[in-house]
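Each remark here refers to the structure printed beneath this line.
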Amino acid sequence: MEEKRSVLSPSEWRVMECLWAGPKTLMELVRALKDSAGWTKSTVNTMVRRMEEKGLIVHETAGRAKVFRAALGREAAAASEADCLLERAFRGSVSLLVSSLADRGGLSRADIDELYDILDRAEWNAK
Numbered sequence: 042m043e044e045k046r047s048v049l050s051p052s053e054w055r056v057m058e059c060l061w062a063g064p065k066t067l068m069e070l071v072r073a074l075k076d077s078a079g080w081t082k083s084t085v086n087t088m089v090r091r092m093e094e095k096g097l098i099v100h101e102t103a104g105r106a107k108v109f110r111a112a113l114g115r116e117a118a119a120a121s122e123a124d125c126l127l128e129r130a131f132r133g134s135v136s137l138l139v140s141s142l143a144d145r146g147g148l149s150r151a152d153i154d155e156l157y158d159i160l161d162r163a164e165w166n167a168k
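Just so you know, the sequence shown maps onto residues 42 to 168 in my numbering.
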């Protein structure tokens, strides 16, 4: 069985977090990522170029500046990450994931109530 890979690397997540907050020019990305990750302009430029080649981000030209925006939504990226984690760590079993969280005390009362609501919706949708 082929192992599912994450859609985004940790570095790509950093860039996407910036772009999910709103479109940015290269220099706005450089400033944001210098502060949060310590990246140089060269590093940001390389990441942006590679991510554009992958189709993760796109740009529009506004005057002399390129304005970048995410081409992949946060929800789609998160769903892909969840699928990868589920497959890699729990052999695709949602019950093993939830059991792991419950067994180590990782679920609060609010989490449990929310899980009941989710299961009720899932049961309703399965009818």
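Built from N, CA and C at the ideal position, the CB exists for glycine as well.
How long is the line joining the alpha carbons of residue 65 and residue 100, rounded to whole angstroms? Within the sequence shown, numbered from 1, the residue matching residue 65 stands at position 24. Within the sequence shown, numbered from 1, the residue matching residue 100 stands at position 59. Computed Cα separation, rounded: 9 angstroms.
Could you check whether residue 67 and residue 85 sit closer than 8 angstroms to each other, using their CB atoms as the reference points? The sequence position of residue 85 within the sequence shown is 44, counting from 1. The sequence position of residue 67 within the sequence shown is 26, counting from 1. A contact, by the Cβ cut-off of 8 angstroms.
Just to confirm, are residue 97 and residue 74 a CB contact at a threshold of 8 angstroms? Walking along the sequence shown from the start, residue 97 turns up at place 56. Walking along the sequence shown from the start, residue 74 turns up at place 33. Not closer than 8 angstroms, so no.
Reduced DSSP secondary structure (H/G/I, E/B, other) of residue 145: As a position in the sequence shown, residue 145 is number 104, starting the count at 1. Residue 145: coil per DSSP, three-state reduction.
Backbone CA spacing between residue 142 and residue 136 [nearest angstrom]: Locating residue 142 in the sequence shown gives position 101, counting from the first residue. Locating residue 136 in the sequence shown gives position 95, counting from the first residue. Each residue's Cα considered, the two are about 10 angstroms apart.
How many Å lie between residue 134 and residue 121 at the Cα? Along the sequence shown, read from residue 1 onward, the residue named residue 134 stands at position 93. Along the sequence shown, read from residue 1 onward, the residue named residue 121 stands at position 80. Answer to the nearest angstrom: the Cα atoms are 15 angstroms apart.
Give the secondary structure of residue 156 by DSSP, where H, G and I count as helix, E and B as strand, and everything else as coil. In the sequence shown, the residue the question calls residue 156 occupies position 115. Reduced to three states, the DSSP call for residue 156 is helix.
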